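Line order of the protein sequences matches chains A and B. Here this note's numbering = 1-based position in the first sequence + 2. Here this note's numbering = 1-based position in the second sequence + 2. Comments concern the structure below.
Protein chains: 2
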Amino acid sequence: MNNLFKALNDSTRREILEMLKDGDMTAGDIADRFDMTKPSISHHLDLLKQADLVASVKKGQFIYYSLNMTVMDEILAWFIQFKPTPAEKPRIRLQVNPRTID
Amino acid sequence: MNNLFKALNDSTRREILEMLKDGDMTAGDIADRFDMTKPSISHHLDLLKQADLVASVKKGQFIYYSLNMTVMDEILAWFIQFKPTPAEKPRIRLQVNPRTID
DNA sequence: TCATCATTTAGAAGATTATCTAAATATTTA
DNA sequence: TAAATATTTAGATAATCTTCTAAATGATGA
Chain A
3 MNNLFKALND
13 STRREILEML
23 KDGDMTAGDI
33 ADRFDMTKPS
43 ISHHLDLLKQ
53 ADLVASVKKG
63 QFIYYSLNMT
73 VMDEILAWFI
83 QFKPTPAEKP
93 RIRLQVNPRT
103 ID
Chain B
3 MNNLFKALND
13 STRREILEML
23 KDGDMTAGDI
33 ADRFDMTKPS
43 ISHHLDLLKQ
53 ADLVASVKKG
63 QFIYYSLNMT
73 VMDEILAWFI
83 QFKPTPAEKP
93 RIRLQVNPRT
103 ID
């Protein structure tokens, strides 16, 4: 979970994920779309890989990167814990009825 | 969006959010649950506030913190963009039929 | 085999972050 | 009004992060 949020805490990395949504890409093609050196992008890809957000496969000279959706589901589940179920008792609220404020 | 992911990129802050899920709390009560000084927790609360993940209300001597769910929805929407709709054309995959690999 | 291309690794510099201690602010109560 | 309580602000330090340049690795094609 730590690696996951860390990987997402960078706009370049989030853009990479959005790019991969439309199909797999090589490291070079990804780098070409940013105003940043290839080593920097390589490092970003590494962090995304450590978080299991992407997978990579070498094909000859090229390395193809692809989205790994299963981990996205894990985060989604983390967020959904905060959505109260319709049946749930309402939480105490900061905004109370003005008439009852002392 | 940047502030949002930044705020989530820390396990203390994520724990605070999970605690607030069960009801509002004062800054002091939150701090008491961590092995960390009050100024540090105060700083974490500030980052959560900047990200609009929590709201705070002063009641006399105390400051009550509460979850602000509307921003959670924004993140949730960001993640959902990656979930392919059932009708969508399948993306190119790295794992292809082994029989067809050259 | 040698030059070239795609990508990564290594190492460094500057920026950002988490945490601490000390001090300030604001509220309550004696 | 003075002391006590709740919380924040200020400033410092150590760790982590982003990005760069230079060099290494590994595959392709002349």
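Note that beta-carbon positions come from the ideal geometry of N, C-alpha and C, so glycine has one too. Being a predicted model, the structure only gives us computed values, none of them experimental.
Under 7 Å from the C-beta of residue i: neighbouring residues of chain B
i: A:Ser105; result: Outside the displayed range of chain A (3 to 104) lies residue 105 of chain A, so it cannot be described from this structure.
i: A:Ile77; result: Phe81
i: A:Met38; result: The contacting residues do not exist; A:Met38 stays about 17 Å from chain B at best.
Below-7 Å beta-carbon distance, residue i vs any chain B residue
i: A:Val98; result: Only weak support is given to the placement of A:Val98: the predicted model assigns it a pLDDT of 43, under 50, and the question is left unresolved by the model.
i: A:Asp104; result: Note on A:Asp104: pLDDT 36, under 50, position unreliable in the model; the coordinate value appears next. Not an interface residue.
i: A:Thr87; result: no
i: A:Met74; result: yes
CB of residue i within 7 Å of CB of residue j, strictly
i: A:Leu69; j: A:Arg15; result: no
i: A:Lys23; j: B:Phe84; result: yes
i: A:Phe7; j: B:Leu78; result: no
i: B:Tyr66; j: B:Asp31; result: no
i: B:Gln52; j: B:Asn5; result: yes
i: A:Leu55; j: A:Ala89; result: no
i: A:Thr28; j: A:Phe64; result: yes
CB contact below 7 Å: residue i versus chain A
i: B:Lys8; result: yes
Per-residue contacts from residue i into chain B (C-beta, under 9 Å)
i: A:Ile18; result: In chain order: nothing, as chain B lies at least about 12 Å away.
Contact set between residue i and chain A, taken where Cβ atoms lie within less than 8 Å
i: B:Leu49; result: The contacting residues do not exist; B:Leu49 stays about 12 Å from chain A at best.
Under 9 Å by beta carbon: chain A residues contacting residue i
i: B:Lys23; result: Gln83, Phe84, Pro86 and Arg93
Flag this pair as touching only if the stretch 53-62 of chain B and the stretch 65-77 of chain A have three or more C-beta atom pairs under 8 Å; answer yes or no. The answer is no - the stretch 65-77 of chain A does not touch the stretch 53-62 of chain B, with fewer than three Cβ pairs under 8 Å.
Counting beta carbon pairs with one atom in the stretch 40-48 of chain B and one in the stretch 3-21 of chain B, are three or more of them shorter than 8 Å? In short, these stretches touch, since the Cβ pair count reaches three.
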